[in-house]
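Participant: Anchor point for the sequence shown: position 179 equals 179 in full-length UniProt numbering, and the numbering is continuous, going up by one each time. No residue lacks a Cβ here, since even glycine has one placed at the ideal position from N, Cα and C. Only a predicted model underlies this, so the values are computations on that prediction, with no experimental measurement involved. Supplied in structure tokens, the structure appears directly below.
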Amino acid sequence: MFGAMFDDEWKLQPRGDELVKPEEKEYFIDRDPDCFSVLLNLLRTGKLHVPSNIPEKLLYMEANYYGLLDHVRTAKWGDFDSNRLRLASTVSGQAPGNCTAIRASPDGGCAVAHGGIVRVYDWMLEEHPPLNLEYQSVNDIGWMDSDKIVMSVRQNSTRHPGMGVFSSLTGELRHRFQLGDGKDQVKGFAAGALCFNSDSNKVLASCRETSNEGIWEWHQKVRFNVGGRIIETTATTLATARRDSMFGAMFDDEWKLQPRGDELVKPEEKEYFIDRDPDCFSVLLNLLRTGKLHVPSNIPEKLLYMEANYYGLLDHVRTAKWGDFDSNRLRLASTVSGQAPGNCTAIRASPDGGCAVAHGGIVRVYDWMLEEHPPLNLEYQSVNDIGWMDSDKIVMSVRQNSTRHPGMGVFSSLTGELRHRFQLGDGKDQVKGFAAGALCFNSDSNKVLASCRETSNEGILEWHQVTGKLTETSNQGIGVWDQVTGKQTDFFDFCLGGDAGKIQWLNGSNCLFVGGYIDDKYYINVLDFRDKSVVWSWPNGTKACVTASRIWDASPMDESKFCVVGGDDGTLGVLDLRSTKGGVRWNPYRDVECRYRPKLTCHAGQVFCSIDDEISVYYHGLDQWVLTSTLGRSQGGPIQDFSIGGDRLFALHIDENVIIETTATTLATARRDSMFGAMFDDEWKLQPRGDELVKPEEKEYFIDRDPDCFSVLLNLLRTGKLHVPSNIPEKLLYMEANYYGLLDHVRTAKWGDFDSNRLRLASTVSGQAPGNCTAIRASPDGGCAVAHGGIVRVYDWMLEEHPPLNLEYQSVNDIGWMDSDKIVMSVRQNSTRHPGMGVFSSLTGELRHRFQLGDGKDQVKGFAAGALCFNSDSNKVLASCRETSNEGIWEWHQVTGKLTETSNQGIGVWDQVTGKQTDFFDFCLGGDAGKIQWLNGSNCLFVGGYIDDKYYINVLDFRDKSVVWSWPNGTKACVTASRIWDASPMDEINMSCGAGLCSIDDEISVYYHGLDQWVLTSTLGRSQGGPIQDFSIGGDRLFALHIDENVFDVWETPSAPII
């Protein structure tokens, strides 16, 4: 790349401003600076030294960008010397079976031919997409150059020539060679051995000259300040982030920086500040530059994913982690064990690379990082099928035995919340309850379809057997619902006759494929919803290529062909709707006996078939089906189901159950509110259940959960201590504990009840709340929320960050926890149209409700909310508030101390359940009400705050709207009022100014009142902590928020020893 910068004598070419000497110019390169330094040292010394913090592959890509890859290769290994060769690498398992040839590339890679496929590896031995010519058997391969491969095949077709040129990088077919005899054009030929004449650039009978001119362009520079670190890049690099990213709004249609702010400053000279992690930003910027993801060891992957999600680059990260789905290049990436033992029935891939697993009455949900989300259930009824509407919503169908509730619903994949239950009607009367079977989706019209039948009062679960005739009054058929509204739009009154194991919409014909069993025979029907007709049926209408009674599964290949698998040996066949002569049949397994029912699906023109513990992939060549890949792992066990989605294939295995025994005495320590409570009577003796002839203590209770985690939790109940083996992720254990209702036991074992004299620093969370952090509030379960500027950051008890909260990014006054799931936020609102207080979900960050304020006469359109508190006895939330004027005045106005009825200022009261206003105390606060707190014993409200730089305290009685006590007016001051910083109620009579726990600078002091004086009992602080802005106690933890270091500390009480 540097060659174009110099003249023939290697002097810098003049470029740009002619008044500046070439040697004084600055050349901006939007690449990784550390890699540049390594390559520069290579040019200086001829030696390659790669620091441990630089991934080698990143260095190679940077070297390729600068045109220095040959320098790097020369430095890594020398010129070929047969007498000094050493074994450098072994690549195994990539070319099984009938491998025939291997050819080295000019730059140190290779190509391997086996069967009808050629696998390609670059000089770093990374595999590229494979090559094929209709999967015909390969005769020979050869490299034109490092970028192009010629392949010859044994061609048996007269229509296509048997030799082509491919891109070694993408696998794309660039050219098919044509052969002529000088008179007539030969339409097809078979090619054998290959060779090249490098002097004249000839290969066999055709040739072409290649040249590549390296054109380098300088692009508009962009300067970012990310968390205090200056990072520069170009608009060209940011353009790879696409319009749907955060960077899209920064540029115009030609990806030039939009003018913003001060028009006197050129866009390329502006600095864009982003309050995020600079290390993650650098990693993501390198991803945009190179298309490759390299994560240094000091950056947690989950943090990187959250940052990528913030910038709108999560799809880029996923694409870099794994490529587009290619069945011939699939590799085992992960194994998730112990989550679905026993009666697992189905697995479904999500559009973004996650999955859902159905077993028994529960569906477990995993995101693309394979982290488990809350499980789903419909009254724990046995699940028939599951399907993804999109990445956020899952549809579940169950075998419903209740006549009151429908058997199909939509759930949130993130929270497990039931969003909607589908209702079924037959066009005449509303069906009160129905059982739902197989599911599918019509993406073109946003419809969800399900096989269903009305449930009788007797609650029969099994699908009834019939003679095969359609019955209009069967209350059985295919229901259709709109995905957006959830309302039923159609119903095909079609007697399924048996279990409809699979339905699939055929977009090309606008028909529905239905496959399933009737009297142990497999049937296929194609239904047309336009005229409610059966347009095709098998085996009735077509000669069977495989015996129908031995069919295990079927799957549509396109609009007119279906693939089936059957027999004891996994015979495969293709049914053609356009023919009555039968279909194609082939037996790829021959003498292999199927021990478990095969499953079948078609994807991107290929057939995937599971036989026992393997999945085989087939592709149709010119005249036959070719086995291209086999997927399996040792000790995998039989495959129950598999699914393809989000560029991943998920295979669900059947595992063995684990038997664990314990006693009722141990389970009694789990308390009544746990899952085990319902198993026992009042004396903790096992309740009789099921077969009365079997004694309760002899029964076996099956629990479909992770056995290792169960053992850990059982030991916790036995000993009161929590010991987590290194092979069990803590988060998995916490999810299992939550399932059993033992999360409080786990938290108690991790830290004890709050004791201010025994607090120990447990964690420090840094860099999450820079700048103007104002408040921290502990949640009831040991998490916290941090307010700074216009954003509130939320952390659960594991200190994992959830989505942030905001109300139009207005400055936050106060925050409070209604419960562990809901947070109230008050802001300094400058709009007269919207109220300044709302309730948010702490899990998703969703705004649930905005509080409305009225004065009893006219509705106040907008108000600013200040300090918050809660009355837990009556489920009320209280806030100091005032109506905002049209001028949008922010400051609380200063007054003489007199109450004014028309001030539209006071204390609002709302019901926590309904969100409606229940009361309003028209009380002129006069200044900033920094703190309010409900006094349960007296049913009054403590109000403390500043008026003209003096601190005032008032106690308000809401029953008669009176001020029952005021300070310093009514009491002689023990401390000068103008010097008071804060106050807090101790009980209903005494008000404490800094007593109890008090923060001074970078420490928190704990005082206790002895017989006649206050005693300092503890001091909490850490070195280099910086001044404390705020602190909060909750969930048996103390949280301290620092100013200087942008951190908060978590203090816990160690668990008490067990005596």
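1) Would a C-beta distance cut-off of 8 Å place residue 126 and residue 119 closer than the cut-off?
2) Go through its chain and collect everything with a Cβ distance to residue 91's Cβ below 8 Å, but skip five positions before and after it.
3) In three-state DSSP terms, what is residue 74?
4) Any idea what DSSP makes of residue 316, helix, strand or coil?
5) For a test of the three-state rule: what should DSSP assign to residue 249, helix, strand or coil?
6) Report the residue ranges of all beta strand (DSSP E) runs contained in full by the stretch 301-389; include only those spanning at least 3 residues, in chain order.
7) With distance defined between alpha-carbon atoms, name the residue in 491, 356 and 311 nearest to residue 242.
8) How long is the line joining the alpha carbons of residue 891 and residue 826, rounded to whole angstroms?
9) Would you say the stretch 285-300 touches the stretch 611-619, given that touching needs at least three Cβ pairs under 8 Å?
10) Curious, which full-length beta strand (DSSP E) runs of at least 3 residues does the stretch 92-177 contain?
11) Nearest to residue 452 by CA position, among 407, 40 and 350, is which residue?
12) Could you tell me how far apart the beta carbons of residue 1037 and residue 1050 are, in whole angstroms, since I believe they sit closer than 8 Å?
13) Provide the residue span of the beta strand (DSSP E) that contains residue 641, from first to last.
14) What does a CB cutoff of less than 6 Å around residue 909 pick up in its chain, not counting 5 residues either side in sequence?
15) Where does residue 393 sit, in a helix, a strand or coil, going by DSSP?
16) Given residue 274, which residues of its chain have a CB within under 8 Å of its CB, disregarding the five upstream and five downstream residues?
17) In the DSSP assignment, find the unbroken beta strand (DSSP E) run with residue 708 in it and report its ends.
18) Quick check on DSSP: helix, strand or coil for residue 1042?
19) Start and end of the beta strand (DSSP E) containing residue 653?
20) Between residue 238 and residue 284, which are expected to be in contact by the criterion C-beta below 8 Å, what is the C-beta distance as a whole number of angstroms?
21) What residue from 946, 956 and 915 has the CA that sits closest to residue 934's CA?
22) Could you tell me the alpha carbon to alpha carbon distance between residue 423 and residue 611, rounded to whole angstroms?
23) What's the call for residue 1072, buried or exposed, on a 16-neighbour Cβ count within 10 Å?
24) Rounded to the nearest angstrom, what separates residue 814 and residue 1021 at their Cα positions?
25) Please report the distance separating the alpha-carbon of residue 89 from that of residue 63.
26) Using CA coordinates, which residue listed in 197, 170 and 944 is at the minimum distance from residue 324?
27) What separation, rounded to the nearest whole angstrom, lies between the Cα atoms of residue 176 and residue 164?
28) Determine whether the beta carbon atoms of residue 560 and residue 577 lie at a separation below 8 Å.
29) Output needed for residue 597: all residues of its chain with C-beta closer than 8 Å, excluding positions within five of it in sequence on either side, in chain order.
30) Mapping the DSSP letters down to three states, classify residue 463 as helix, strand or coil.
31) What separation, rounded to the nearest whole angstrom, lies between the Cα atoms of residue 631 and residue 915?
32) Over what stretch of residues does the beta strand (DSSP E) that includes residue 279 continue unbroken?
33) What's the C-alpha gap between residue 766 and residue 776?
34) Hey, how far is the Cα of residue 270 from the Cα of residue 308?
35) Identify, in the order they occur along the chain, each residue of the same chain with its Cβ nearer than 7 Å to the Cβ of residue 361, setting aside the five sequence neighbours on each side.
Facilitator: Short version:
1) In this structure, residue 126 lies away from residue 119, with their beta-carbon atoms at least 8 Å apart.
2) Cβ neighbours of residue 91 within its own chain (closer than 8 Å, five residues either side excluded): 121 and 125.
3) Three-state DSSP puts residue 74 in a helix.
4) Residue 316 falls in the helix class under three-state DSSP.
5) In the structure shown, residue 249 sits in a helix (DSSP, three-state: H, G or I).
6) You should have 344-349, 355-359, 362-366 and 372-376.
7) Nearest of 491, 356 and 311 to residue 242, Cα basis: 311.
8) For residue 891, the predicted structure reports a pLDDT of 38, less than 50, and the residue's modelled location is therefore unreliable. The matter cannot be settled from this model.
9) With a cut-off of 8 Å, the stretch 611-619 and the stretch 285-300 do not count as touching, because too few Cβ pairs lie within range.
10) Listed in chain order, the complete beta strand (DSSP E) runs (minimum 3 residues) inside the stretch 92-177 are 99-104, 110-114, 117-121, 127-131, 138-143, 148-153, 163-167 and 173-176.
11) In terms of CA proximity to residue 452, 407 leads the group 407, 40 and 350.
12) The beta-carbon separation of residue 1037 and residue 1050, rounded to 6 Å, stays under the 8 Å limit for a contact.
13) Start and end: 639-645.
14) The residues are 876, 878, 918 and 919.
15) Of the three classes helix, strand and coil, the one that applies to residue 393 here is strand, per DSSP.
16) Result list for residue 274: 224, 225, 226, 227 and 281, in chain order.
17) Unbroken run through residue 708 is the alpha helix (DSSP H), 707-719; no beta strand (DSSP E).
18) Strand, per DSSP.
19) 648-653 is the span of the beta strand (DSSP E), which, as asked, contains residue 653.
20) Distance from residue 238 to residue 284 at the Cβ level is roughly 11 Å; contact not present, criterion being Cβ atoms closer than 8 Å.
21) Distance check between residue 934 and each of 946, 956 and 915 places 956 closest, using alpha-carbon atoms only.
22) Whole-angstrom Cα-Cα distance: 38 Å.
23) Since the first and last residues shown for the chain are 1 and 1059, residue 1072 lies out of range.
24) If you take the alpha carbons of residue 814 and residue 1021, they lie about 25 Å apart.
25) Between the C-alpha atoms of residue 89 and residue 63 there is a straight-line separation of about 22 Å.
26) Comparing alpha carbon positions, the residue from 197, 170 and 944 closest to residue 324 is 170.
27) So the alpha carbons of these two residues sit roughly 4 Å apart.
28) Yes. Within cutoff.
29) Residues of the same chain with a CB within less than 8 Å of the CB of residue 597, apart from the 5 flanking positions on each side, are 552 and 553 in chain order.
30) In this prediction, residue 463 has a pLDDT of 35, which is less than 50 and means its spatial position is unreliable; what the coordinates show is noted afterwards. Residue 463 falls in the coil class under three-state DSSP.
31) Going from the Cα of residue 631 to the Cα of residue 915 covers about 55 Å.
32) Residue 279: not part of any beta strand (DSSP E); member of the alpha helix (DSSP H) spanning 278-290, first to last residue.
33) If you take the alpha carbons of residue 766 and residue 776, they lie about 14 Å apart.
34) Going by the C-alpha atoms only, they are around 23 Å apart.
35) Hits under 7 Å: 377, 380, 381, 382 and 383.
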